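Before any comments, here is the structure.
In my numbering, the protein residues as written are 1117 to 1217.
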């Protein structure tokens, strides 16, 4: 039963990470079209977001490799990293919408 829970988490987290990464890459393309100081601020934010993404990927890998005893705690850290990445992406999307308006 616990093995199925792990598999479901791994699958769902991988799909979400891929989706969030695609959204981030789309924002990077949009940032190339913005000019001036706004472009620099947006690119800086995207660079910070890339760091959150890398951290998230590392935490998900930790969850995949964790022993059965440690898995629940490691999963909490992976979920937290995924939430931080999601929140950072949404903040940058809001920042872009303010720039575009």
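Note that CB positions come from ideal geometry on N, CA and C, so glycine has one too. If you're wondering where the values come from, they're calculated on a predicted model, not measured in any experiment.
Is the CB-CB distance between residue 1175 and residue 1197 below 8 Å?
yes
Applying the 10 Å Cβ sphere with the 16-neighbour rule, what's the burial state of residue 1133?
buried
Helix, strand or coil for residue 1151? Go by DSSP, reduced to three states.
coil
Which of the three DSSP states is assigned to residue 1182 in this structure?
coil
Status (buried if at least 16 other CB within 10 Å, exposed otherwise) for residue 1168:
buried
Buried/exposed call for residue 1189, threshold 16 Cβ in 10 Å:
exposed
Any chance the region 1202-1209 sits against the region 1158-1166, with 3 or more Cβ pairs inside 8 Å?
yes
Put residue 1117 into one of helix, strand or coil per three-state DSSP.
At residue 1117, the pLDDT of 48 sits below 50, so the modelled position is not reliable; the number obtained from the coordinates is stated separately. If DSSP states are grouped into helix, strand and coil, residue 1117 belongs with coil.
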